[in-house]
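Quick look at the structure:
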């Protein structure tokens, strides 16, 4: 603080006042960014959501729990449990629950299908993790990075793919008929929904599990072996405890995602298999906002409960093994024809077959269906339909080009918004301070809140306008869609960027600060450049989430010409499968191309 | 203990860094406990102690990475409470080097010059060249930090910390990740650079040998407080506490009761765990019946083989003769460090010739140092 500081002070006097101002702005930049991000979240998420949710408890200007009570005690929603809540004896309820003709209600069914989907996802994801983490084969890295693809595929497109696979005239029945077997009717069944959810979430389970498995230190296993544990025992004692938390991560996220599922069930289950979210949508369409809000709150409580329980668990079990020597990978070609070498490989071969059908069939079927006419012959008529619709479609009809253009424009804008928000939240949640878990949860809440509700809140708040101090502030539907997409995309930016940030050597940051850099400057000069691949991955995520977002878009795009490709697909699917699949292929191509572009712009992508 | 802690007060030169009753607590644990220190301008000051003694936390409090729970840190007499690290004009070098991997060596060294003009009116490039020259890596500017060896990376980290011309250089275990021989070379270089620049330097290490080799003054820390702050020679020859005596170098610590004051600054002490009464020199005023501890360095213990059956008193070991047997020996090259069994405790001696079996050990009363007086 002596000599050099004095010099610096005189420099400052000689220099302009602007320089000092800049310095002050810079030193407070992080705080300013945090405030801006919070404000954005309040405007784009918390306020709109709150305005909707409040309807559940405020009816005609009077605070009441009547709507809640109604929902909670209605067997239609809560099945046999509702009888418990309305005061019946637990014994009678338990007996009813155990009887074969029990009623689960909408909420019960939603949880039930979420549990089934989670089990299926874990079952389908774990062998993939085993394959990816423990074996070496050509294309392993590519396959590993491909595991992210299903997760970011637009859900409505996947639904179309599943219809094309499992529908009455789908590829599955075509294959069964060709083999002389009776056709099956899987569409609008629970099985189809669960398989579609597994398609989505199994790669996520595989991904987090593989990462944990790869970070197991080989010397820990070798120590166990040298102490007398056999290979199985060493796995149980050393590897499994380190991999298990990751499996739980995958399972928790899968549960939350599938509990709030919407497009998949809407397309594959219809209202026969309605989940909470589908029902909220229906209630909103019927303008029963109070009941919709009450139901959405129930959904939120369940999802947040699981998410919070998981975050607590994660905080307690955080272990960091850095610089570990990973376990050596084995060759897929068995080194010796012994049972112990052959058995796991045979199991993997069977798995690859099943996984191949589940993951490739929907996409392949969709492409096939888009180029197949009603008579089964190859044709381009569905694509021709899209072009004709573009040229001659009426104003009220959904035309393909605006859908493509809107999707790309919204995704680009949403990414530009989600990226800084995500990075700021990642920085804030990597640092250690009191109440960090709360900030973490508040920032992650958009993952757990019904997209229908966010969409509705934005529609009535931003689009219809808000009165602020005599000014009427209203945004267009397009702006509201961008905001909604950014809100649903930025948690993924956070999730990809923060592991990299927290993995950085703390002394890098401290060195930069001791050299004179402000906290915000360190983020710009040191932290972001070092986690750049994760930032790019986060951008890709935000982009893909926006391109595929359906739930809040379908609410916000009503009436406006702000429809996107997924909305267009949904409009088509209601009438004919052909044009929907053709549109699906267009969406697939556009999404794929944008990914390539983002990859090229940012280099190698990693994360999540 | 009390007399030595008073000795840290600067007698010459202005104070660059001062800690005044500084404590740092994390919940229940106290990492730094009421530390008061003064580091003079241009001084090479070392915090040494075992892991967990609070030395790194103390350094981080000075750098501004942590704020003290209580007490004040002052730079040139002014409190720096609430001043962020970037405004403290400190240079910090970490054990992990912490070079920015996405920048070249030159960019690393120049980084701090984004926020402060190079001293002496030179350009950025000149300053970078100057510092690379200073750390003997003049051609490294365009290299990738990861392509350098550990020792080279550490020198770059040093150059980077020095480039903006900081007032204080803080080094946190800068050599712990390097091998022993390199460490010796590098510490000589650090010492040379420090005295060339005359920069106030605070150095943290767990290696007492390193601390003695480079420092003007050493603070030996234990349990969050410095037990002694003094020049290396004083710390070695006149340890203030039993902890310092045992932490800095090899030592033989004896506890016992003063049998009588012999006059002429000598005491006769009945040593615990033996029948012997030993004579030791003292500067203090101990009286008969008081319990004391004193230490004798292994190199001050004279030792001779007693295998021929002569009594210990006959062996040429001088005063305070004791009988012991060789337990083990470590050959260190120049000398051999021998552990002796004496009753149910151990003594350390250094010899040139190999030793075996029964030996006689003795020392001059003036080589003993009374380190602890327990009032009773």
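Protein chains in written order, with my numbering: chain A, 34 to 641; chain B, 19 to 394. Think of the CB as a built atom: it goes at the ideal place given N, C-alpha and C, for glycine as much as any other residue.
Where residue i meets chain B, residues with beta-carbon distance less than 8 Å
i	result
residue 572 of chain A	Simply none; closest approach about 19 Å.
Euclidean distance between Cα positions of residue i and residue j
i	j	result
residue 262 of chain B	residue 311 of chain B	13 Å
residue 535 of chain A	residue 578 of chain A	24 Å
residue 151 of chain A	residue 189 of chain B	52 Å
residue 146 of chain A	residue 223 of chain A	7 Å
residue 442 of chain A	residue 514 of chain A	11 Å
residue 178 of chain A	residue 559 of chain A	26 Å
residue 39 of chain A	residue 183 of chain B	Unreliable placement is indicated for residue 39 of chain A, whose pLDDT of 40 sits below 50; no coordinate value is reported for it.
residue 517 of chain A	residue 582 of chain A	9 Å
residue 281 of chain A	residue 340 of chain A	11 Å
residue 243 of chain B	residue 72 of chain B	7 Å
residue 152 of chain B	residue 226 of chain B	27 Å
residue 23 of chain B	residue 263 of chain A	Interpretation of residue 23 of chain B is limited by its pLDDT of 35, a score under 50 that renders its predicted location unreliable; no figure is taken from the coordinates.
residue 170 of chain B	residue 205 of chain B	13 Å
residue 301 of chain A	residue 211 of chain A	24 Å
residue 238 of chain A	residue 384 of chain A	15 Å
residue 378 of chain A	residue 128 of chain A	46 Å
residue 389 of chain B	residue 161 of chain B	52 Å
residue 349 of chain B	residue 321 of chain B	16 Å
residue 430 of chain A	residue 423 of chain A	9 Å
residue 284 of chain A	residue 565 of chain A	28 Å
residue 175 of chain B	residue 147 of chain B	14 Å
residue 107 of chain B	residue 546 of chain A	10 Å
residue 86 of chain B	residue 272 of chain A	42 Å
residue 374 of chain A	residue 365 of chain A	10 Å
Rounded distance between the beta-carbons of residue j and residue i, thought under 8 Å
i	j	result
residue 314 of chain A	residue 295 of chain A	7 Å
residue 103 of chain B	residue 128 of chain B	No, residue 103 of chain B and residue 128 of chain B are not in contact; Cβ-Cβ is about 19 Å, not under 8 Å.
residue 337 of chain B	residue 306 of chain B	With 8 Å as the limit, residue 337 of chain B and residue 306 of chain B do not qualify as a contact, their Cβ atoms being about 20 Å apart.
residue 226 of chain A	residue 298 of chain A	6 Å
residue 230 of chain B	residue 236 of chain B	7 Å
residue 388 of chain A	residue 161 of chain A	7 Å
Same chain, Cβ closer than 7 Å to residue i, neighbours up to 5 away in sequence not counted
i	result
residue 89 of chain A	100, 101, 323, 326, 327 and 330
residue 574 of chain A	185, 522, 525, 526 and 529
residue 489 of chain A	85, 317 and 588
residue 232 of chain A	183, 191, 391, 392 and 395
residue 42 of chain A	With a pLDDT of 42 at residue 42 of chain A, under the threshold of 50, the modelled position of that residue is not reliable, and the figure given next carries that caveat. The answer is none, since no qualifying residue turns up.
residue 200 of chain B	169
residue 356 of chain B	344, 347, 367, 369 and 373
residue 252 of chain A	358
Beta-carbon neighbours of residue i, restricted to chain A and to distances below 9 Å
i	result
residue 163 of chain B	Within 9 Å Cβ-Cβ: nothing; residue 163 of chain B doesn't reach chain A, min ~11 Å.
residue 116 of chain B	538, 539, 540, 541, 542, 543, 544 and 545
residue 104 of chain B	60, 545, 546, 547, 548, 549, 550, 551, 552, 554 and 555
Close Cβ partners of residue i (< 6 Å) along its chain, the five nearest in sequence each way excluded
i	result
residue 235 of chain A	154, 157 and 158
residue 217 of chain B	187
residue 255 of chain B	none
residue 411 of chain A	404
residue 189 of chain A	296, 583, 599, 602 and 603
residue 343 of chain B	359 and 376
residue 444 of chain A	576, 579 and 580
residue 382 of chain B	none
Same chain, Cβ closer than 8 Å to residue i, five either side skipped, listed in chain order
i	result
residue 642 of chain A	Outside the shown range of chain A, which is 34 to 641, sits residue 642 of chain A, and nothing can be said about it.
residue 462 of chain A	469, 472, 473, 476, 527 and 531
residue 269 of chain B	257, 263, 313, 314, 315, 316 and 366
Contacts of residue i in chain A (Cβ-Cβ under 7 Å)
i	result
residue 12 of chain B	This structure does not reach residue 12 of chain B, given that chain B is present from 19 up to 394, and the question cannot be answered.
residue 109 of chain B	547
residue 381 of chain B	By Cβ distance, chain A contributes nothing, its closest Cβ being about 46 Å from residue 381 of chain B, past 7 Å.
Partners in chain B for residue i, counting only beta-carbon separations shorter than 7 Å
i	result
residue 559 of chain A	118
Interface residues of chain A facing residue i [CB-CB closer than 8 Å]
i	result
residue 129 of chain B	545, 548, 550 and 558
residue 178 of chain B	544 and 548
Interface residues of chain D facing residue i [CB-CB closer than 9 Å]
i	result
residue 81 of chain B	The structure shown contains no chain D; its protein chains are A and B.
Give the residues from the region 50-83 of chain B that approach chain A closer than 7 Å (Cβ to any Cβ), ordered along the chain. Taking 7 Å as the upper bound on Cβ-Cβ separation, chain A lies near residues 81 and 83 of the region 50-83 of chain B.
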